[in-house]
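Under our numbering, read the sequence shown as residues 631 to 759, first letter to last.
No residue lacks a Cβ here, since even glycine has one placed at the ideal position from N, Cα and C.
Please read the structure below before turning to the comments.
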Amino acid sequence: MKASFFLALLCLASLSIFVGWMKFQHNNDNLSIAVTDTDDTYELSAKFNEDYTGRVQDYINHSIKPNNLFRSAHDYFNVTTRLKDNTEFHIKESPGELEVEFDKKKNSYASYQRIRKMCEGISDVLKGK
Numbered sequence: 631m632k633a634s635f636f637l638a639l640l641c642l643a644s645l646s647i648f649v650g651w652m653k654f655q656h657n658n659d660n661l662s663i664a665v666t667d668t669d670d671t672y673e674l675s676a677k678f679n680e681d682y683t684g685r686v687q688d689y690i691n692h693s694i695k696p697n698n699l700f701r702s703a704h705d706y707f708n709v710t711t712r713l714k715d716n717t718e719f720h721i722k723e724s725p726g727e728l729e730v731e732f733d734k735k736k737n738s739y740a741s742y743q744r745i746r747k748m749c750e751g752i753s754d755v756l757k758g759k
């Protein structure tokens, strides 16, 4: 009876350690980036390690200067914004996730190039380039 109890306790402790290790493990293999470029829209969807959130936000802020969206790596956004050059796009962001939606019919070709270049840069940041 005592052996069964100690065996069960050992299994429970091992399981707890494993679950804790998996939860706090920083794994960069969870990167997912999808880009869709149609006649009407350009979209980026990315899921990534939450540790990259601040870098992604800094890159976006740098790309849309003189505008500024993010102030903290803990910000949650789900907004449609218009930049000073009249570029309009929708951005949804939370730690470890990002979606950018750009309507080509509402914007100029120069705006499309700006957003496409920003999204390519985001991909590079996430890939560690």
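Beta bridge counterpart(s) of residue i as assigned by DSSP
| i | result |
| --- | --- |
| residue 708 | 722 |
| residue 671 | 733 |
| residue 728 | 676 and 723 |
| residue 717 | Its beta-bridge partners do not exist; DSSP assigns none. |
| residue 663 | 676 |
For residue j and residue i, the rounded distance between their alpha carbons
| i | j | result |
| --- | --- | --- |
| residue 683 | residue 757 | 13 Å |
| residue 660 | residue 680 | 10 Å |
| residue 718 | residue 733 | 8 Å |
| residue 705 | residue 730 | 16 Å |
| residue 707 | residue 739 | 25 Å |
| residue 748 | residue 693 | 6 Å |
| residue 710 | residue 726 | 20 Å |
| residue 674 | residue 691 | 16 Å |
Where the alpha helix (DSSP H) through residue i begins and ends
| i | result |
| --- | --- |
| residue 738 | Here residue 738 belongs to no alpha helix (DSSP H), and DSSP marks it neither H nor E. |
| residue 689 | 683-693 |
Neighbour-count burial assignment, residue i, 16 or more Cβ in a 10 Å radius
| i | result |
| --- | --- |
| residue 743 | exposed |
| residue 750 | exposed |
| residue 676 | buried |
| residue 686 | buried |
| residue 698 | exposed |
| residue 716 | exposed |
| residue 741 | buried |
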